[in-house]
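Below you'll find the structure, written out as structure tokens, and then a few comments.
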Amino acid sequence: MNILALDLSLVSTGWADGHDFGTLTPPKHLRGAERWTWVRSHVLKLADALGYTYQRADLVVLEGYSFGSKGRALFDIAELGGIIRMTLLDHEYPYVEVPPSSLKKFATGKGNAPKDLMLVEAVKRLGYTGSDHNEADALFLWHLAANAYGLPGAVTVPKSHMETKARPAWPQIAKVA
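In terms of the working numbering, the sequence shown is numbered consecutively and its last residue is 184.
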């Protein structure tokens, strides 16, 4: 099963596919629709040909909206999120949203964990050697989905980390590789 995990961001979208991970960072001079178009295009490239396997994603996992954003950023991230979700639907990619509190609970055991703790846990649990919060979140999104589908390579977390009120509704995926 090919899973693409995305932590959408206006500045640097984190992604992971179980074999590789990184960030999609639009050029600084792009704003508004030009920036969203750039991110959309690069998300589609990833979904169409994951990592070194060059296989289409069977499922895309997105971190749900954060309600902590303020000001203009709230509207911009909502527009980017809507564009990505519509693009996935238009290209027939099933996707699932993971509430931020569920992702944090899975990664740290605390549904309200700060970004720095997520990064610490990525280093500890996943062997992550970077320092990018978006990559760390995308890696944990992938591992959460891999756990849900019983895929090899998924990190093992304490049972308490899997218990959350806001559970994603994991779709049944026909193709299993």
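In this text, a Cβ means the ideal position worked out from N, Cα and C, and glycines have one as well.
For E99, does the count of other Cβ atoms within 10 angstroms reach 16, so buried, or fall short, so exposed? Stepping through the sequence shown from its first residue, residue 99 is reached at position 92. Exposed.
Return helix, strand or coil for L133, following the three-state DSSP convention. Locating residue 133 in the sequence shown gives position 126, where the first residue counts as 1. L133 falls in the helix class under three-state DSSP.
Would you be able to state if there are at least three C-beta pairs under 8 Å between the stretch 69-88 and the stretch 163-172? no
For the beta strand (DSSP E) holding E104, just list the boundary residues, first then last. As a position in the sequence shown, residue 104 is number 97, starting the count at 1. Where E104 is concerned, the enclosing beta strand (DSSP E) stretches over 102-105.
Ordered along the chain, which non-local residues of its own chain (more than five positions away) have a Cβ less than 7 Å from that of D55? By 1-based counting over the sequence shown, the position of residue 55 is 48. R63, listed in sequence order.
For L11, write down the residues that DSSP places opposite it in a beta bridge. As a position in the sequence shown, residue 11 is number 4, starting the count at 1. Answer by DSSP bridge pairing, in chain order: V67.
Using C-beta distances below 8 Å, list every residue in its chain close to L15, excluding the 5 sequence neighbours before and after it, in chain order. Along the sequence shown, one-based indexing puts residue 15 at 8. V46, L69, E70, I84, L87, G88, I91, listed in sequence order.
Local conformation of T30 per DSSP, three classes: The residue given as residue 30 occupies position 23 in the sequence shown. Three-state result, T30: strand.
Residues bridged to L37 by DSSP? Numbered from 1 along the sequence shown, position 30 holds the residue referred to as residue 37. Beta-bridge pairing links L37 to no other residue.
Whole angstroms is fine: what's the gap from R42's alpha carbon to P175's? Walking along the sequence shown from the start, residue 42 turns up at place 35. Walking along the sequence shown from the start, residue 175 turns up at place 168. Between R42 and P175, the C-alpha separation is close to 28 Å.
State the beta-bridge partners of T20 as determined by DSSP. Within the sequence shown, residue 20 is the residue found at index 13, counting from 1. DSSP lists L31 as partners of T20.
Please classify S109: is it buried, with 16 or more other beta-carbons within 10 angstroms of its beta-carbon, or exposed? By 1-based counting over the sequence shown, the position of residue 109 is 102. By the neighbour-count rule (16 or more Cβ atoms within 10 Å), S109 is buried.
According to DSSP, what are the bridge partners of L57? The residue given as residue 57 occupies position 50 in the sequence shown. Answer by DSSP bridge pairing, in chain order: Q62.
Could you tell me if E170 is buried or exposed, where buried requires 16 or more neighbouring beta carbons within 10 angstroms of its beta carbon? Working through the sequence shown from its first residue, we reach residue 170 at position 163. Label assigned to E170: exposed.
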